[in-house]
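Below is one structure; the comments refer to it alone.
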Amino acid sequence: MSSRAGHCLRQTARYPALRCARRHAGRRVELPPPPRATPVNRRLSGAAAAAEPAAEPSPPPAVVWEGPKLEQIPRGSFFSFLREYGQWERAAEQPALSCSTTGRTLTFRDLERRVASAAAALAREGFGDVLSIHLPNCEQNVIAFLAATELGGTVTPSNPAYTAAELAQQLETARAVAVLSTTSVRETVDAAALQAGVRRVSYVEEPDCFANSLCPDALLPATPIDGARDLVALPFSSGTTGKPKGVMLSHRNLGANVLQSLSHEDLRHDVRAGDRLIGVLPLYHIYGMLILGFSLASRAHLVLLPKFEPLPFLEAMQRHRITGAST
Numbered sequence: 001m002s003s004r005a006g007h008c009l010r011q012t013a014r015y016p017a018l019r020c021a022r023r024h025a026g027r028r029v030e031l032p033p034p035p036r037a038t039p040v041n042r043r044l045s046g047a048a049a050a051a052e053p054a055a056e057p058s059p060p061p062a063v064v065w066e067g068p069k070l071e072q073i074p075r076g077s078f079f080s081f082l083r084e085y086g087q088w089e090r091a092a093e094q095p096a097l098s099c100s101t102t103g104r105t106l107t108f109r110d111l112e113r114r115v116a117s118a119a120a121a122l123a124r125e126g127f128g129d130v131l132s133i134h135l136p137n138c139e140q141n142v143i144a145f146l147a148a149t150e151l152g153g154t155v156t157p158s159n160p161a162y163t164a165a166e167l168a169q170q171l172e173t174a175r176a177v178a179v180l181s182t183t184s185v186r187e188t189v190d191a192a193a194l195q196a197g198v199r200r201v202s203y204v205e206e207p208d209c210f211a212n213s214l215c216p217d218a219l220l221p222a223t224p225i226d227g228a229r230d231l232v233a234l235p236f237s238s239g240t241t242g243k244p245k246g247v248m249l250s251h252r253n254l255g256a257n258v259l260q261s262l263s264h265e266d267l268r269h270d271v272r273a274g275d276r277l278i279g280v281l282p283l284y285h286i287y288g289m290l291i292l293g294f295s296l297a298s299r300a301h302l303v304l305l306p307k308f309e310p311l312p313f314l315e316a317m318q319r320h321r322i323t324g325a326s327t
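Residue 327 is where the sequence shown ends in UniProt numbering, and the numbering goes up by one at each step.
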């Protein structure tokens, strides 16, 4: 490279805004004129500095998003937060959940009673620690999740498409003491439970399953929960760089995540009471849990689908006149 060419390149690199012309592929290319220099980009001294007008201070950056206040983030259980923040008593007879698998619709009053019944049944069975929910999206999935965590337990949700080896690995790692599943994958679940040493397995199709418990007078057990320390869920990662790993989520974590999603309209989660949402994203994933949370916290109506299939999805959209969908 000639010294002249090198000098031009150095000058261009040092002053990229200078007007200059270069030949490229036989054509002369004119660069745009430089922007007007500002005082903050120049060094002045003596009289010149004294005569230079002071630079205008930069305006503070605009606040584009503000999350929930610390005092708004729940300190107790996730279920209590959903009921209190959502003011369920104002919509007791409004639909909260519709299950495309069972065809049933639960009002907010129904859901609260079913959760209390399931929690009471679990307490009678001496449940403790970690419950594995190995189910597609359905009403029993939601009821079991809220009931177990209201008792102070932790739910580890898993993909119902897992093999026995994959499920056993999660059961062992999470130290699950019980499994709730469906008879459509009984062979897989039984094999996984045997391998992991889990003795208590329930299936939602069985009439004595705790998730189907119906006791109108059941009361939620008074279990003290520290929202910042007690885990509400232990979902597992996809295992991209190794074996799947458990992700520890506290009641406060999940509640804060719901509040964040409801804090700004531009996030497209501006769900309002009476809206009808479709829950097709899996509840074993954090996004599915989040959809469940901000739907119930907003007194919206969530329609659960076990998985995405075009025809059932479109039929549910039309039948329930869905107003919002997260995909």
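Every residue, glycine too, gets a C-beta built ideally from N, C-alpha and C.
Remember, predicted model here, so these are calculated numbers, not experimental data.
An exposed status is given to residue 308, since fewer than 16 other beta-carbon atoms sit within 10 Å of its beta-carbon.
In terms of CA proximity to residue 120, 211 leads the group 301, 225, 325 and 211. The beta carbon of residue 91 is closer than 6 Å to those of 108 and 299 in its chain, skipping five residues each way along the sequence. With 16 or more other CB atoms across the displayed protein chains lying within 10 angstroms of its CB, residue 111 is buried. The three-state secondary structure of residue 127, taken from DSSP, is coil. A distance of 8 Å or more separates the beta carbons of residue 130 and residue 79. Under the three-state reduction of DSSP output, residue 73 falls in the coil class, being neither helix nor strand. In chain order, 138 and 139 place their CB closer than 8 Å to the CB of residue 102, counting only its own chain and leaving out the 5 sequence neighbours on each side. Beta-bridge partners assigned by DSSP to residue 133: 157 and 180.
For the set 302, 319 and 327, the Cα lying nearest the Cα of residue 99 is the one of 302.
Of the candidates 70, 193 and 248, the residue whose Cα lies closest to the Cα of residue 153 is 248. Unbroken beta strand (DSSP E) runs of no fewer than 3 residues, entirely contained in the segment 173–243, are found at 178–181, 200–203 and 231–233, following chain order.
Non-local C-beta neighbours of residue 193 in its own chain, meaning closer than 6 Å and more than five positions away in sequence, comprise 179 and 201, ordered along the chain. Beyond the five residues adjoining it in sequence on each side, residue 284 comes within less than 7 Å, by CB distance, of 157, 158, 159 and 235 in the same chain, given in chain order. Bridge partners of residue 99 according to DSSP: 304. Under DSSP, the beta-bridge partners assigned to residue 325 are 278.
Counting C-beta atoms within 10 angstroms of its own C-beta, residue 230 has 16 or more neighbours from the protein chains shown and is therefore classed as buried. Taking 8 Å as the cut-off, the beta carbon of residue 246 is found no closer than this to the beta carbon of residue 147.
Under the three-state reduction of DSSP output, residue 149 falls in the helix class. Less than 8 Å separates the beta-carbon of residue 168 from that of residue 195. Ranked by Cα distance from residue 155, the options 88, 232, 291 and 117 are led by 232. Cβ-Cβ separation between residue 150 and residue 220: approximately 6 Å, consistent with a contact (criterion under 8 Å).
Distances from the CA of residue 217 to each of 87, 89 and 118 were compared; the closest alpha carbon is that of 118.
With a cutoff of 8 Å on beta-carbon distance, residue 82 and residue 256 are scored as not near each other.
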